[in-house]
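The opening position of the sequence shown corresponds to residue 433 in the working numbering, with each subsequent residue numbered one higher. In what follows, a structure is listed as structure tokens, so that the remarks can point back to it.
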Amino acid sequence: MIPDNPAVSIDLNLIRRNFPVLQTQVHGKPLVYLDNGATTQKPRAVIDKLNELLESKNSSIHRGVHFLSEQMTGEYEYAREIVRNFINARNTNEIVFSSGATGSINAVAFSFGEKYIKEGDEIIVSEMEHHSNIVPWQMLCARKKAKLRVIPFDENGVLLQNEYKLLFNEKTRLVAVTHVSNSLGSINPVKEMIRFAHDHHVPVLIDGAQAVQHSRVDVQDLDCDFYVFSGHKVFGPTGIGVLYGKEAMLDTLPPYQGGGDMVDCVKFEKTTYNQLPFKFEAGTMNYTAAIGLGTAIEYINSIGFGAIMQHEKNLFAYTQSRLKEIEGLEIYGNAKEKISIFSFLIQDIHPFDIGMILDKMGIAVRTGTHCTQPVMDHFQISGTIRASMAFYNSFEDTDRLVEGLKNAVNMLK
Ligand code: PLP
């Protein structure tokens, strides 16, 4: 694993120049991009890599003996090694490429569900999950007549650990919980939650879609059974994601999809499957995106999580204090352990109206439920404005946001 040096500070001007979209204008104003929870922007290195692959290397992987195919296969498998190193998996058999966090969770819900879930069994999720970590389990429960149990959170957006522990019984088969909430920003104590689940012989899936871009994740240290994330939220391309699974666990699971590459020998009498991780990669994979994800991770590594985390911590504190200047602004999600995601409402103004006005000022935020309707139900609200930050955001971005919000409130009052 790459060591993280917290003493190294970030060269923000240089970093921002690496992201072409940050130099663009929206409605005649320099873009302030604060929708990183939805998707992150791509550094020049990733854009160049994709161009290079499409211009001079494109060829289907794994099945060719010719030069281009071998080259592309080499790059694809190297990207798998980069991902392995990024999350400190034991070996590349544990790294399966998917279409995204959603694809990875659905794969586990189907595959693990086929093998281990039967009528009356229970699966634990939390009240702050993204719909992607609720609906696949609901579908599984409907198929198998199993039951979903839900860990509640308190008014600050902190998961109630006592309630979590009370949910366990002899029917509990899996815990699926988010590492970081995409609408509240809460960082959940997943390591402790995993340890508790394992004490009860229950495996755990962690949804890391909002975690891997903000801090170093070590799947061996966490000891999770599955860990999932999306490439596009970690400065890589869309259409690619990662499913980490412990090898011993993945070995026991049936494939999720059938098709080319995931097979060993196909006969009408009986088909045998390929070894890990290919058993879970049916058909022509999104190999260019996988390689682009590898480049994005190398870019992150070149900055280092020590510097990234320090900058994001400073940005968080500054934004938190500046948002207090706005009368009637209420933040949803005030956990002590939190990333730079700010979900808020201002007085009784509809979030959509504020979002539209901010957009006219070149400021991109998200409004709505953020695919977490149960979170909105908890607070009995219909949605929030969400400003979500990445390491390339600056203090000036926060200043522009605060000015924009003040102007919007003046216009709408
Ligand atoms: N989980 C969390 C916590 C998310 O924030 C998201 C996307 O916002 C997802 C899962 C789904 O990610 P994707 O749509 O890239 O599959």
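Each residue gets a CB set at the ideal place from its N, CA and C atoms; glycine is no exception. For clarity, every value in this text was computed on a predicted model and none was experimentally measured.
Next item on the list: Mark C656 as exposed unless 16 or more other C-beta atoms lie within 10 angstroms of its C-beta, in which case mark it buried.
Entry: buried
Item checked: Proximity winner among N538, F518, H633, A796, relative to L606 (alpha-carbon distances) -> Taking only the C-alpha atoms, the option nearest L606 is H633.
Next item on the list: Would you identify the three-state DSSP class for T471, choosing helix, strand or coil?
Entry: coil
Margin query: With the cut-off set at 8 Å, would you say L444 and T720 are in Cβ contact?
Written below: No, Cβ-Cβ distance for L444 and T720 is not below 8 Å.
Margin query: Considering just the uninterrupted stretch of the beta strand (DSSP E) at E419, what are its terminal residues?
Written below: Because the chain here runs from 433 to 845, residue 419 falls outside it and cannot be looked at.
Margin query: Taking 7 Å as the cut-off, is the beta-carbon of C573 closer than that to any non-hydrogen atom of ligand 1?
Written below: C573 Cβ: outside cutoff for every heavy atom of ligand 1.
Next item on the list: Grab the span of the alpha helix (DSSP H) containing T704 for me, first residue to last.
Entry: Segment 703–705 is the beta strand (DSSP E) holding T704; no alpha helix (DSSP H) there.
Notebook entry, point to check: Between N839 and M793, what straight-line distance do the alpha-carbon atoms span, to the nearest angstrom?
Noted result: 10 Å
Notebook entry, point to check: Can you name, in chain order, every residue of its own chain whose Cβ lies under 6 Å from the Cβ of K577, other than the five neighbours on each side?
Noted result: E551
Notebook entry, point to check: If you draw a straight line from the alpha carbon of A608 to that of S564, how long is it in whole angstroms?
Noted result: The straight-line gap separating the alpha-carbon atoms of A608 and S564 is approximately 11 Å.
Notebook entry, point to check: Any chance the CB of G724 is under 7 Å from a heavy atom of ligand 1?
Noted result: no
Next item on the list: Would you mind listing the alpha helix (DSSP H) stretches within the stretch 624–672 that are 4+ residues and don't spill past its ends, in chain order?
Entry: Within the stretch 624–672, the alpha helix (DSSP H) runs of at least 4 residues that lie entirely inside it are, in chain order, 651–654.
Next item on the list: Note the first and the last residue of the continuous beta strand (DSSP E) segment covering K579.
Entry: First-last of the beta strand (DSSP E) with K579: 579–583.
Notebook entry, point to check: For Y750, which residues of its own chain have a beta-carbon under 8 Å away from its beta-carbon, when the five flanking residues on both sides are left out?
Noted result: F827, T830
Check: For Q707 versus R522, is the C-beta distance shorter than 8 Å?
Finding: no
Check: Between the Cα of I813 and the Cα atoms of A819, M504, M821, I778, which residue gives the shortest distance?
Finding: I778
Check: For K665, is the beta carbon positioned less than 7 Å from some heavy atom of ligand 1?
Finding: Checking every heavy atom of ligand 1 against the Cβ of K665, one is found closer than 7 Å.
Note to self: Can you give me the C-alpha to C-alpha distance between Q752 and F585, rounded to a whole angstrom?
What the structure shows: Annotation: Q752 to F585 spans about 21 Å, alpha carbon to alpha carbon.
Notebook entry, point to check: Between H562 and N594, is the Cβ-Cβ spacing less than 8 Å?
Noted result: no
Check: Whose C-beta lies closer than 8 Å to the C-beta of H743 among residues of the same chain, with five residues either side of it excluded?
Finding: S441, I442, L444, F823
Check: Would you report the Cα separation of D467 and E759, rounded to the nearest angstrom?
Finding: Each residue's alpha carbon lies about 23 Å from the other.
Check: Which one of M741, M843, V797 has the shortest CA to CA distance from A470?
Finding: Of the residues M741, M843, V797, the one whose Cα lies closest to the Cα of A470 is V797.
Check: Counting pairs of beta carbons, one from the stretch 505–523 and one from the stretch 540–549, are three or more of them closer than 8 Å?
Finding: Counting Cβ pairs under 8 Å, fewer than three are found: no touch.
Next item on the list: Put P621 into one of helix, strand or coil per three-state DSSP.
Entry: coil
Check: Across which residues does DSSP place L591 in a beta bridge pair?
Finding: F585
Checklist line | N-terminal and C-terminal residue of the alpha helix (DSSP H) that I740 is part of | finding: 737–755
Notebook entry, point to check: If you draw a straight line from the C-alpha of A643 to the C-alpha of F700, how long is it?
Noted result: 44 Å
Note to self: Rounded to whole angstroms, what is the Cα-Cα separation between G715 and S531?
What the structure shows: The alpha-carbon atoms of G715 and S531 are separated by roughly 12 Å.
Notebook entry, point to check: Which residue spans inside the stretch 672–701 form an unbroken beta strand (DSSP E) run of at least 3?
Noted result: As for any beta strand (DSSP E) of minimum length 3 sitting wholly inside the stretch 672–701, the runs are 673–677, 695–698, ordered along the chain.
Notebook entry, point to check: Of all the options G673, N718, G765, E587, which has the alpha carbon lying nearest to the alpha carbon of L616?
Noted result: G765
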